[in-house]
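Report on the structure given below.
Chains as they are written, first to last, in the numbering used here: chain Y, 573 to 1086; chain X, 4 to 681.
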């Protein structure tokens, strides 16, 4: 153990606050939660500021042997760092979003959220395979409770679906982990990331991990838990679900599947591409016909996450870095979109799109924020999503131009369903008197949305702050994957003698004009 | 600090102030800030342009901020200034400044003015970022930024359902093109290892004749890259196939149509083609493709222009058609001529739109030309401005003496197309000549329907509303009723159109000067043997082609003049001498007219092919795919299995000893038989 155990402290602060909140009154519980999450935010920013770019791969390392090979091992690289920063950034916003919206069992609610923060940071910081697994699975519990207790009308069905889906996937992962530990004799993730598994064994192991992460992402066709979970979850639950919990799937791929099993990853890459491009087109079209705002955004999340998996399995720097940025960007923007839904849900208590309309008239500033995040979700350049999507698609184009083309239709369909949503909510005449009477944003809502705007623009205009910490780690991973990298279908072959070229060029020209 | 920083970022700053300040700031400060910012940017732009015109300026790149670095892919925020940029700078800032000013008058009754002016300035910023881009990704930023501003401005009157629909359509159709652009950028990076424009262009010769894999086939590298990028240009510049959004974009306020959908944004595709001209020029097939698309659009849009009744839609199709000219100029290798037409077109088309806005303003928001007529005397300044614009667009002029703006640019395009000597070039020439005939016809038709003939205002609902409102005010006056009737006879319904205020007329006058003189003054710099010195390598310039342009047969030189006069005479006959003729003619060619009047049924076709299937598939995937299949056989199926399974287990555990014994026996027999038969 070296230096001050800042990671343990970041885990401890919300955990202690969670216990304290349980025994506090509603008002005190809110304050405790806000203070604790703000402290963690400050610690997270401190972590970011003190992270040495170009320093050792693993920093802020803590290690304490517990029992029979199981150890309390924490430590982060750049990839974990940015995801932790995202988590601690979103948490105070979640608490703020629940400030008035949650009225029953406030202490328990706040405790669940704080407990969740501990688990989320732990997942990203864990360096021990079993510690990771425990935290990864435990994260289900508070979310299950948040949906099941504070959710909407159909919350029981949604929470069971959420729980069963995700649990089923992780059982296979547990078996694979046991096998790995048995084979290698270590539970240390950094060690395993450099371990060369026999290629034959990689396939089954990869599939076992894939089962868990694919559900978590979620990838098509195991995505159907997400719309239900989102629809039933309270606003802050949706924010954290979309913002951080989905990222655990992507984190799993980049932390385990790719570095552990490079050959198997390459072998199964076409499967991932196939599922991802189906997801992009399929869920985008489904999003187009939704009449429930949250369901629409949930389906759009599946489409965006498919871009992440494409980038990850493109096997090059742009793809990997791009998918990291998409994860961060989606965390900000879809979180913000759920907040935007929450703002009007709190006023009218319905998610039906047709119950709104013409909000730009009575809520102009709300309309402005909603427009901003709509455009960010569509991937307009200078917002965070563009940087990520551009790099990811660039990466996948290197690997397969067909995949890039079909995934690229997502930018058309994304514009269609988001702008169609925006038009129905904010444009048009005020059809409903109650919607027309809704007041514009309150100070609290400004405070929630403004930081997200700033972060989205920052990541879009100067993403270097976020890419620089992960650069070395991605380069390292890229080098490890290099041997297994698929060839790609776009290789350029140098020119032929002029006469011959002319003929073939003409032929191609005809083809493209038709 | 380089003045380009102020030119680009002043509009952004103004936009943010006006947009966030909005109603708290008030109308007047918002207008002053945005308009002031734009006039400042304009005042800074002209010296840059004049510097390049006189040959005193050199191309520079001003770095702003690091943007993205990922592996060997990196691009930064930078502002490039060269001749090509300088031309665009003066076009954008001048037209934008004038449109800002014009909007003081045109949008005077609008309660939501700060938002409008903020959008206008935001657009200008994005457009400036586009033309100053030194790498393809920043160009894409500007590209999408103008798309956003266009979306916001088309949907400015967001209460109107048609405005909301048109805004979405514009954005989504543009995105189709953008996908091509993005794939083009990806391919460029793959081939050239960079997205920096100068580096790409410098390396083009190294890749001549190479092939690249794309969608499982092998193509000529430069051809496929050019065509992918060009698909982006087709979307933004509303070329055939991706043009459907432009006419609908007329839902936006008229100043917006003038700035975005005529003078600047829609020309972004032409600009891009010219900026990347070394890449395009290196691929004969891509050039052929560009020529054919341009020529086809030029003809196609012109046919529709002759049939429309909405004054703005006529001009919109006219824009579409003129963009076609620019593209087939570029495709013929005459990039200088393409840029020159872009330059002159910006002035006269902005003028026509702002003139139309002035007419609409005078006619109480009536846009249907069937209800115009006889406005010449009522709004004389607008009339003369529209005349200047019409003379410019129809290309009136005498070879080697003087011509209006369009005369120089359009003639040089047609000569270049013919001068290429290729089959495609001749195809483009004949398409262009036919379109010139139609242009002359529909432009004069617009003028005659609007300003000449008898007043037909009384049938207009807008005018009736206006008159009614007036009557409402003056109800006590007993004469009013008779008064109204008396006017009904002369078709005016008692309505008195007023000339627009000075803030609207001033831009018209200035733009009229541009429409009259821009061609005459600048044609030597843009298109002549000496143009190489002006462009300084910022676009491909072929002395060879210029030479050929001068050697075209005399009939080619005079053909544009001939068709222009023919179109004019046709319009005079049909709309002044024999006003009954158009209706009779339409009856005679009913099927063709229906086809053309309905815009070749593109909207219906796309609805049938794309829009309705998208919604149907979405419902299918949702109801049948997710709910009917995945959930049914996934989680719900698992739950069903568990429920059934527990039911079965419950029944098995009957508690009867005999039944347990029976099961044990069966088990034993099964086990033994398995061992024995193994």
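All C-beta atoms in this analysis are idealised placements derived from N, C-alpha and C, irrespective of residue type, glycine included.
Opposing strand residues paired with residue i [DSSP bridges]
| i | result |
| --- | --- |
| residue 66/X | 81/X |
| residue 996/Y | Answer is none; residue 996/Y lacks a bridge partner. |
| residue 607/X | According to DSSP, which records beta bridges pairwise, residue 607/X is partnered with nothing at all. |
| residue 1065/Y | 214/X |
| residue 644/Y | 636/Y |
| residue 924/Y | 864/Y |
| residue 73/X | 76/X |
| residue 221/X | 216/X |
| residue 405/X | 401/X |
| residue 906/Y | According to DSSP, residue 906/Y bridges with nothing at all. |
| residue 199/X | 138/X |
| residue 551/Y | Nothing about residue 551/Y can be reported from this structure: the residues present for chain Y run from 573 to 1086 only. |
| residue 700/Y | 760/Y |
| residue 371/X | 313/X |
Beta-carbon gap between residue i and residue j smaller than 7 angstroms
| i | j | result |
| --- | --- | --- |
| residue 1159/Y | residue 829/Y | This structure cannot settle anything about residue 1159/Y, because the visible part of chain Y is limited to 573 through 1086. |
| residue 395/X | residue 528/X | no |
| residue 411/X | residue 583/X | no |
| residue 942/Y | residue 1021/Y | no |
| residue 724/Y | residue 814/Y | no |
| residue 869/Y | residue 911/Y | no |
| residue 878/Y | residue 801/Y | no |
| residue 77/X | residue 893/Y | no |
| residue 995/Y | residue 167/X | yes |
| residue 543/X | residue 284/X | yes |
| residue 928/Y | residue 1007/Y | yes |
| residue 717/Y | residue 684/Y | yes |
| residue 236/X | residue 272/X | yes |
Run of the alpha helix (DSSP H) containing residue i, from where it starts to where it stops
| i | result |
| --- | --- |
| residue 696/Y | 678-697 |
| residue 414/X | 408-422 |
| residue 1048/Y | 1036-1053 |
| residue 613/X | Element bounds for residue 613/X: n/a, residue is neither H nor E. |
| residue 538/X | 534-538 |
| residue 523/X | 505-529 |
| residue 1003/Y | Here residue 1003/Y belongs to no alpha helix (DSSP H), and DSSP marks it neither H nor E. |
Which listed residue (the options) has its alpha carbon closest to that of residue i
| i | options | result |
| --- | --- | --- |
| residue 203/X | 237/X, 191/X and 379/X | 191/X |
| residue 588/Y | 925/Y, 598/Y and 612/Y | 612/Y |
| residue 149/X | 218/X, 269/X, 628/X and 576/X | 269/X |
| residue 629/Y | 1046/Y, 914/Y and 1053/Y | 1046/Y |
| residue 690/Y | 667/Y, 975/Y, 579/Y and 924/Y | 579/Y |
| residue 152/X | 118/X, 184/X and 136/X | 118/X |
| residue 710/Y | 722/Y, 693/Y and 1014/Y | 693/Y |
| residue 776/Y | 679/Y, 796/Y, 789/Y and 749/Y | 749/Y |
| residue 409/X | 498/X, 237/X, 658/X and 326/X | 326/X |
| residue 838/Y | 805/Y, 881/Y, 853/Y and 852/Y | 881/Y |
| residue 979/Y | 662/Y, 850/Y, 827/Y and 823/Y | 850/Y |
| residue 177/X | 1036/Y, 1043/Y and 987/Y | 987/Y |
Query - Contact the stretch 672-691 of chain Y vs the stretch 601-618 of chain Y: 3+ CB pairs below 8 angstroms - result: yes
Report task. Spell out a yes or no on whether the stretch 83-94 of chain X and the stretch 114-134 of chain X are touching, meaning 3 or more CB-CB pairs, one atom from each, closer than 8 angstroms. Result -> Counting C-beta pairs with one atom in each stretch, the stretch 83-94 of chain X and the stretch 114-134 of chain X have three or more that are closer than 8 angstroms, which means they touch.
Query raised in the report: Below 8 angstroms, can you find three or more Cβ-Cβ pairs linking the stretch 964-978 of chain Y to the stretch 867-886 of chain Y?
Result: yes
Query raised in the report: How about the stretch 702-709 of chain Y and the stretch 616-632 of chain Y: do they share at least three Cβ pairs that are nearer than 8 angstroms?
Result: no
Requested in this report: Could you tell me whether the stretch 346-359 of chain X touches the stretch 304-323 of chain X, using the rule of 3 or more Cβ pairs below 8 angstroms?
Outcome: Per the Cβ contact rule, the stretch 346-359 of chain X is in contact with the stretch 304-323 of chain X (3 or more Cβ pairs under 8 angstroms).
Query raised in the report: Are the stretch 534-544 of chain X and the stretch 384-404 of chain X touching by the rule of at least three beta carbon pairs closer than 8 angstroms?
Result: no
Query raised in the report: Do the stretch 10-20 of chain X and the stretch 113-127 of chain X make contact, defined as three or more Cβ pairs closer than 8 angstroms?
Result: Output reads yes: the stretch 113-127 of chain X touches the stretch 10-20 of chain X.
Query - Sufficient close CB pairs (3 or more, under 8 angstroms) joining the stretch 237-250 of chain X to the stretch 324-340 of chain X - result: yes
Query - Any 3 or more C-beta pairs closer than 8 angstroms across the stretch 816-828 of chain Y and the stretch 766-773 of chain Y - result: No, they do not touch.
Query raised in the report: Can we say the stretch 625-644 of chain X touches the stretch 806-821 of chain Y, given the rule of at least three CB pairs closer than 8 angstroms?
Result: Between the stretch 625-644 of chain X and the stretch 806-821 of chain Y there are fewer than three C-beta pairs closer than 8 angstroms, too few to call the two in contact.
Report task. Could you say if the stretch 409-429 of chain X and the stretch 547-565 of chain X meet the contact criterion of at least three C-beta pairs nearer than 8 angstroms? Result -> yes
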